Structure formats: C-alpha cells, structure tokens
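Protein chains: 2
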Amino acid sequence: MKRNTKQGEVILTVIKSAGRPLTPLEVHELAVKKVSRLGIATTYRHLKSLTESNQVVGVDYPGQPPRYEWADGKDKVHFACRSCDKLFALEDTTGDAPPAEAPEGFRVQGFEVMLYGICPECG
Amino acid sequence: MKRNTKQGEVILTVIKSAGRPLTPLEVHELAVKKVSRLGIATTYRHLKSLTESNQVVGVDYPGQPPRYEWADGKDKVHFACRSCDKLFALEDTTGDAPPAEAPEGFRVQGFEVMLYGICPECG
DNA sequence: ATGTGTGCAAACAGTTTGCAAGCTT
DNA sequence: AAGCTTGCAAACTGTTTGCACACAT
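Going line by line, the protein sequences match chains A and B.
The first sequence begins at 1 in this note's numbering and counts up one residue at a time.
The second sequence begins at 124 in this note's numbering and counts up one residue at a time.
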C-alpha cells in the first residue's frame, strides 16, 4: 500500500482517532461513513499492510475477535472488562508490576503478560 | 461435560502435560494418538467447556491461531518468539515490571500487558 | 501509460451445530 | 433406561483471493 488513496487515508484516520482497539468490522463501519461503497476486503487489506508496516498493532483477547489500534511506539497496557467485554487502552503507567497498573475504578481480577522478542534457540 | 469419558480424559491430559499453550489442532493431533477416531468437533467442545470451567485458559497472540493451556491458578507471563513464532510459558517471576521478567537467553523487544477485571462503568 | 488499489463475489479456514448412534450413569 | 457425549457432515463466521476496472503516479 504505497499509494495515497482516499480509502487508505480514511482507514488510518479511523484507527488513529479511535483511542481504543477496534475490530475489523468496527473499522469498516466507521470508515464507510466517509467512503460509502468501501469494501470489507479493502479494510482487511489495509489492516494487514498497516500491521506489517508497524503503524498499527493487533491486540487479542481470547474468545473475542481481533482488534487493531494505532501504534504510537509505546508498549501497551490493556484492560478487558469481563462484564461488558469492552477493551480499554490504559495510559502508560508507572512501570509497576501488572496488578498495580490499573487506574482507579478498574477492579483487576487477573492479568496476562505477553513478551515479544527472540528466544534462546533463535537468538 | 459432566461425564467421565475416555475422550475428555485424554484431552485434559494432553493439555496438562504439554507445558506450553497448544492450538486446537495440536491438542487434537496429540489426543488422536490415544483415541483414534476422535473427531475435531469433540476437541473443540472440550476446549470450550474446559475454558468455561476455568480448568484451561486461552492465550492469544495476534496473527496466530488461538492456544490453550492448563490453568494452574497462577497469572501467566508468556514469551512469543518473533522468529520461530513459538510460545513459551515463563515461570512466575519476581513480579518485576514486564521488560525485566524474561529469564536469561530471551531477548525482549516489546511487551503487552492484558489486565482482566471489571471496568468503572460495570463495577 | 503503467501498474497499484478497489469492489465484488467466490473461495477458504477455523469453528460450531444438527443428528443418529454409543456410552456413562 | 435415560440422557449426555460422540463422530460425522453440513452450516457458519471471519478472512483471503481472483478478477476486471478505476485511479494515483
């Protein structure tokens, strides 16, 4: 995706301004408001290419559809509500160990840490 | 899944003794060795029910199939290798903040923290 | 003018469901 | 005997791909 198209611009803008991770369907629904006739396949194609170029990152929450959010370079802390299933992107916190990282009002019941990198066999 | 069947027993044993998160296909392939004629649907049915009863937890890694692992009650730290795409379940560490949690030999390039709980609106 | 990006529809992969038969209780 | 569980195949959902046309370069 190296050319400037209306579709690409709108899709990126939607993700950038969402402030939380969106599912492919949500991205598409929001983007269609600006470009009617936008095909779902185009949305998927852009999500893939934006992910590959690291402008967008995928966030997965078991048992739920994948979500995508703007990659601002910072590592992320997310909060998944077990009641409403919404996903929140939390502000970069103090760097405390996980259970302490949620702001007031969020009741943490458990956490999962995923580290990315190179394993001993591959390194 | 309240009855004791050969299939259920084998599937749980496979997950318990894997020591790392397995995809549904991996679970099925390993279980078939003990119960030939085991249907893939049965594997999915047990994964779902084991997850619902919290004996097993799902671990997702964007762009990869879902994985399931034995839930021993502890919160988990996982390491995803960007070269071979394998997933490792790391020992429960010191409780340090994420970048410091990997044992020697693992080169951490980034991390993702997922907190589970109840959000302010639902709480 | 060239060739990438798009929309559409068809193809796909992974997961779920309906059903008759088998097994556990 | 009652009814949960299984295997099979068909149905579904979410994602990808082939193709002809449109548009950015």
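Cβ atoms here follow ideal geometry from the backbone N, Cα and C, with glycine treated the same way.
Every value quoted in this text rests on a predicted model; they were computed, and no experiment measured them.
Self-check item: Classification of A:Cys84 by the beta-carbon crowding that lies within 10 angstroms, buried from 16 upward
Solution: Indexing the first sequence from 1 puts residue 84 of chain A at position 84. Exposed: under 16 other Cβ atoms inside 10 Å.
Quiz prompt | Anticipated Cβ contact below 8 Å, A:Glu69 with A:Ile15, distance rounded | solution = Here the question's residue 69 of chain A lines up with position 69 in the first sequence. Here the question's residue 15 of chain A lines up with position 15 in the first sequence. 7 Å between Cβ atoms; contact.
Practice problem: Consider the Cβ of A:Ser36: report whether some Cβ of chain B lies at a distance smaller than 8 Å. | Solution: In the first sequence, the residue the question calls residue 36 of chain A occupies position 36. It does not: the Cβ of A:Ser36 has no partner Cβ on chain B nearer than 8 Å.
Self-check item: Element boundaries [beta strand (DSSP E), containing A:Val35]
Solution: Translated into positions along the first sequence, residue 35 of chain A becomes position 35. That residue, A:Val35, is in no beta strand (DSSP E); it is neither H nor E in DSSP.
Quiz prompt | Limits of the beta strand (DSSP E) - the one that A:Leu115 falls within | solution = As a working note, residue 115 of chain A is residue 115 in the first sequence. Where A:Leu115 is concerned, the enclosing beta strand (DSSP E) stretches over Arg107 to Ile118.
Quiz item: Got a sec, what are the start and stop residues for the alpha helix (DSSP H) A:Leu12 sits in?
Solution: Counting from one through the first sequence, the residue named residue 12 of chain A turns up at place 12. Unbroken alpha helix (DSSP H) run through A:Leu12: Lys6 to Ala18.
Quiz item: For the stretch 15 to 27 of chain A, which residues have a beta carbon sitting closer than 8 Å to at least one beta carbon of chain B?
Solution: none
Practice problem: Spatial neighbours of B:Ala78 within its chain, please: CB distance less than 7 Å, with the 5 preceding and 5 following residues excluded, ordered by chain position. | Solution: Look at the range of chain B in this structure, 124 to 246, and you will see that residue 78 of chain B is not part of it.
Practice problem: Taking 8 Å as the threshold, find out whether the stretch 21 to 35 of chain A comes into contact with the stretch 141 to 157 of chain B through three or more Cβ pairs. | Solution: no
Quiz item: Since B:Gly240 contacts A:Gln109 with CB under 8 Å, what's their CB separation in whole angstroms?
Solution: Here the question's residue 240 of chain B lines up with position 117 in the second sequence. Here the question's residue 109 of chain A lines up with position 109 in the first sequence. That belief holds up - the Cβ atoms of B:Gly240 and A:Gln109 are roughly 4 Å apart, short of 8 Å.
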